[in-house]
Amino acid sequence: MKNKIIEKPVSNNNASGSIITFDKKVKIFLIANLIIFSLLVLFKIQGSSTPIWNSFFGIDQKKAKDIVFGQPRGIRQDEWSSWVPNIINQCKSGMKPDNYCLGDGNVGHLHSYLPIVGIKDVFRSKLWGYHLFDIERGYAFDWNLRVFGLIVSSFLFFLIFTNNNFWLSVFGSFWLFLSSGQQWWSNNQGEMLSNMFFLIVSLIMVLYLKTKKEIVLWAIPLLISCASFALVLYPPWQIPMTYLLVSLIVGYIISNWDKEKLFALFSFKILIGIGIVVILLSYIFWILNDAKDAIEMTMNTAYPGKRFITGGDLPVSRLFSEYFGYFITDVNTPPKWQNICEASGYLVFFPFILYTLIKSFFKKHKTDYVLWITSILMLVFMVWMFIGLPTIISKILFLHVVKPIRLLTIFQMASLIITVIYLSKKSDISINKIEIIAIGVVSFIGIYLIGVDLNKSVDGFFKPTQVTLVAIIFSVCYLLLAIPQYKWRNLLFGSIIIMFLLPNIKVNPVSIGLKALLENPIVKQVRPIHNADPNPKWAVFGNVMMANLLKVEGISVFNGGKSTPILSEMKKFDPTGKDNFIYNRAGNINLFSFIDGKDSTVFKLNDDIKVDDTYYLYADPCGAKLKSIGVKYILFTYQPQPAEIRCMKLVSSTVLPVYQILD
Numbered sequence: 275m276k277n278k279i280i281e282k283p284v285s286n287n288n289a290s291g292s293i294i295t296f297d298k299k300v301k302i303f304l305i306a307n308l309i310i311f312s313l314l315v316l317f318k319i320q321g322s323s324t325p326i327w328n329s330f331f332g333i334d335q336k337k338a339k340d341i342v343f344g345q346p347r348g349i350r351q352d353e354w355s356s357w358v359p360n361i362i363n364q365c366k367s368g369m370k371p372d373n374y375c376l377g378d379g380n381v382g383h384l385h386s387y388l389p390i391v392g393i394k395d396v397f398r399s400k401l402w403g404y405h406l407f408d409i410e411r412g413y414a415f416d417w418n419l420r421v422f423g424l425i426v427s428s429f430l431f432f433l434i435f436t437n438n439n440f441w442l443s444v445f446g447s448f449w450l451f452l453s454s455g456q457q458w459w460s461n462n463q464g465e466m467l468s469n470m471f472f473l474i475v476s477l478i479m480v481l482y483l484k485t486k487k488e489i490v491l492w493a494i495p496l497l498i499s500c501a502s503f504a505l506v507l508y509p510p511w512q513i514p515m516t517y518l519l520v521s522l523i524v525g526y527i528i529s530n531w532d533k534e535k536l537f538a539l540f541s542f543k544i545l546i547g548i549g550i551v552v553i554l555l556s557y558i559f560w561i562l563n564d565a566k567d568a569i570e571m572t573m574n575t576a577y578p579g580k581r582f583i584t585g586g587d588l589p590v591s592r593l594f595s596e597y598f599g600y601f602i603t604d605v606n607t608p609p610k611w612q613n614i615c616e617a618s619g620y621l622v623f624f625p626f627i628l629y630t631l632i633k634s635f636f637k638k639h640k641t642d643y644v645l646w647i648t649s650i651l652m653l654v655f656m657v658w659m660f661i662g663l664p665t666i667i668s669k670i671l672f673l674h675v676v677k678p679i680r681l682l683t684i685f686q687m688a689s690l691i692i693t694v695i696y697l698s699k700k701s702d703i704s705i706n707k708i709e710i711i712a713i714g715v716v717s718f719i720g721i722y723l724i725g726v727d728l729n730k731s732v733d734g735f736f737k738p739t740q741v742t743l744v745a746i747i748f749s750v751c752y753l754l755l756a757i758p759q760y761k762w763r764n765l766l767f768g769s770i771i772i773m774f775l776l777p778n779i780k781v782n783p784v785s786i787g788l789k790a791l792l793e794n795p796i797v798k799q800v801r802p803i804h805n806a807d808p809n810p811k812w813a814v815f816g817n818v819m820m821a822n823l824l825k826v827e828g829i830s831v832f833n834g835g836k837s838t839p840i841l842s843e844m845k846k847f848d849p850t851g852k853d854n855f856i857y858n859r860a861g862n863i864n865l866f867s868f869i870d871g872k873d874s875t876v877f878k879l880n881d882d883i884k885v886d887d888t889y890y891l892y893a894d895p896c897g898a899k900l901k902s903i904g905v906k907y908i909l910f911t912y913q914p915q916p917a918e919i920r921c922m923k924l925v926s927s928t929v930l931p932v933y934q935i936l937d
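Letter by letter, the sequence shown follows residues 275 to 937 in the numbering used here.
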């Protein structure tokens, strides 16, 4: 018996029988999050990288006072160059669902980040700030809800699934938040995860509570989270995340089957459920019906609508790429991983969880339904990512629109979730010292070999010492997972994870307001022109980012980022439709001069086959085609040649030359 670790009794954190015990610690944690969130919104503080615009015009960040902490990230171009200018343009254009700057149709509905006028945003909580406050506080509300919504929703979720273990729930929420998959995607995954967690939490509360008041109270966040989750409209994450939330809910209900609670006020719960379904379906149908033209156009684009994914193109070692996240940055990432955003993810411990589940089943014939059902789902995900599935099965499961690299993110999230749940479990299987040593050795060798294979796949990007260090750190983590009876197991495991991920807190800067956009030199230059003549369209020749910048003033810009192609305009440039494959896509329209005296135009797809969302249009600035679509003002990001401006007059040149096309 000397070589056995003696199992110690584990206290029941949920002795009262409550689903969530709102004790003093829980209340303090929730109130603290609410206070911090409110203060950040009040003072316009968020994590946007928009201050990077200052560097385009030689503005000193310190003098601009836009940054409190950290530095803006150029790699987050989607956020600072596209999303935020689109939001500002949407607000300044009346928040209508149709917006010329975004593309054809009611394209505003296709983006969960864009506010819409009226009551259409009533169930999209992240957009409430734009209706309640000014643009800067609206964006601070938006950004911080992604952060604190994730922390609070995951905290409540883990309270339920860890039997009200407060410190494990806090740890789980910060593990999610600090993961590179959150930080390097500007916390946008936090929006979807928040909705998923709130959906699960509120549904469980509605199912298990016994008073009408509580049921109605929790039915409200259930309705809001369902609608918000459904209207994200990003299938590559939405579809696998739906499978994940279903597996967690089903596993919980089976594990906690309680007729007395589930069937208490059964008729009332059914009535509430019917009401939620009716409201939800009516609301979603209303939105989707209003957006049907934009959806149809998107589905018929060359990108992303016509993609069909077969799966099976991901190397197995990529599961563990986050183990090396500490050693990569936005300017130093393995080229084969494209960029730091695509390389980011979540730490995976799924292999060990699966091992313990199998061991427990064969030794004690016990089944943890939450862990088992979720693990089976993850095995299906692995088949899709590493092997692929037959076309018919892919279509049935809707995985044909999910790239393996996107599914990897959800797989890693699921691994994180079940690891935290596993840490809360009481083990009744003793483990001897020999088995502990074996687990440590096997873990080290296994992780080291995975690291070597992963490093080989990225052409030796990582140093041998880094591969060894990773093997040491995470074999210790696996060893801690293997000894649940050890008193300090959770504390040590959590400390290692948090310390490993803590540098990610510096990924996004702490910014104040959106001055770098709203008071940008270009925006201030074009403001009087637009105020005097607000209706005509503009075009930008040269750097396409300046086209997106013009959107900030509420200007209708021909090029720049478009979510749906405006095919009626493209027909002016390509009457025969021979280049339809190039411009029939979502993406950035880059505009350059091409003058041959015949008003000819040329379309060219981006040379980088990995980037499908940008193309080039070569046209005559003085040609009839631009005038025919209503373009009156042209901004050049360079000094134009006389031939380019032969039909124009200069109207402003303080920063960049702006010309008006003469009638």
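Each residue gets a CB set at the ideal place from its N, CA and C atoms; glycine is no exception.
At least three beta-carbon pairs within less than 8 Å, the segment 728-745 to the segment 581-592
yes
Rounded C-alpha distance that separates ASP873 from GLY897:
5 Å
For MET369, the three-state DSSP class (helix, strand or coil):
coil
For PHE429 and TRP402, the rounded distance between their alpha carbons:
23 Å
Determine the DSSP secondary structure at ASN854, reduced to helix, strand or coil.
helix
Residues in its own chain within less than 8 Å of MET466 by CB, not counting five upstream and five downstream?
PHE503, VAL506, TYR508, TRP511, GLN512, MET515
Candidates VAL480, LEU924, PRO758, PHE440: closest to ILE302 by CA position:
PHE440
Please work out which residues of its chain come closer than 6 Å, Cβ to Cβ, to PHE626, disregarding the five sequence neighbours upstream and downstream, and give them in chain order.
TYR752, LEU755
Roughly how many angstroms lie between the CA atoms of GLU596 and VAL814, to the nearest whole one?
40 Å
Among residues of its own chain, excluding the 5 on either side of GLN686, which ones have a beta-carbon nearer than 6 Å to its beta-carbon?
GLY619, TYR620, VAL622
Buried versus exposed, by CB contacts within 10 Å (16 or more), PHE435
buried
DSSP beta-bridge partners for MET922?
ILE935
Count the other CB atoms within 10 Å of the CB of ARG920; is the residue buried (16 or more) or exposed (fewer)?
exposed
What number of angstroms, rounded off, separates the C-alpha of THR928 from the C-alpha of LYS878?
32 Å
With DSSP as the reference, label LYS282 as helix, strand or coil.
Confidence at LYS282 is low in this model, with a pLDDT of 38, below 50, so its placement is unreliable and no value can be given for it.
Looking at C-beta atoms only, is the number of pairs between the segment 530-538 and the segment 488-496 that lie closer than 8 Å three or more?
no
Sub-8 Å separation of ASN822 and PRO359 beta-carbons
yes
Please report the residue range of the beta strand (DSSP E) in which THR888 lies.
888-893
In this structure, does DSSP put TYR760 in helix, strand or coil?
coil
Identify, in the order they occur along the chain, each residue of the same chain with its Cβ nearer than 7 Å to the Cβ of LEU376, setting aside the five sequence neighbours on each side.
ASN360, GLY382, LYS836, SER837
Are PRO931 and GLN915 closer than 8 Å when you measure CB to CB?
no
What does DSSP give as the partner residue(s) for GLY861 in the beta ladder?
LYS836
Mark THR850 as exposed unless 16 or more other C-beta atoms lie within 10 angstroms of its C-beta, in which case mark it buried.
exposed
Buried or exposed for LYS276, going by 16 or more other Cβ atoms inside 10 Å?
With a pLDDT of 37 at LYS276, under the threshold of 50, the modelled position of this residue cannot be trusted, and the question is left open.
Straight-line gap, GLY379 to LYS566 (C-alpha atoms, nearest Å)
8 Å
Sequence-distant residues of its chain with Cβ nearer than 8 Å to ASP352 (five each side left out)
SER460
Measuring alpha carbon to alpha carbon, tell me which of CYS615, THR739, ILE691, ILE710 ends up nearest ARG680.
CYS615
For my contact list, VAL744 and LEU791 are in at a C-beta cut-off of 8 Å; report their separation, rounded to the angstrom.
That pair is no contact at about 40 Å.
Grab the span of the alpha helix (DSSP H) containing LEU261 for me, first residue to last.
No answer is possible for residue 261: it lies beyond the span of the chain, which begins at 275 and ends at 937.
Using the DSSP secondary-structure output, state which residues sit across from PHE866 in a beta bridge.
TYR892
Below 8 Å on the Cβ atoms is my contact criterion, and I expect ASN764 with LEU697 to pass it. Report the Cβ-Cβ distance as a whole number of Å.
5 Å
With distance defined between alpha-carbon atoms, name the residue in LYS901, LYS899, ILE757, PHE855 nearest to ASN880.
PHE855
Identify the continuous alpha helix (DSSP H) that holds PHE435 and give its terminal residues.
409-435
Go ahead and label GLU570 buried or exposed: buried means 16 or more other beta carbons lie within 10 angstroms of its beta carbon, across all protein chains shown.
exposed
With DSSP as the reference, please indicate the residues paired to TYR912 in a beta bridge.
For TYR912, which the question treats as bridged, DSSP gives no partner whatsoever.
For SER292, three-class secondary structure by DSSP
coil
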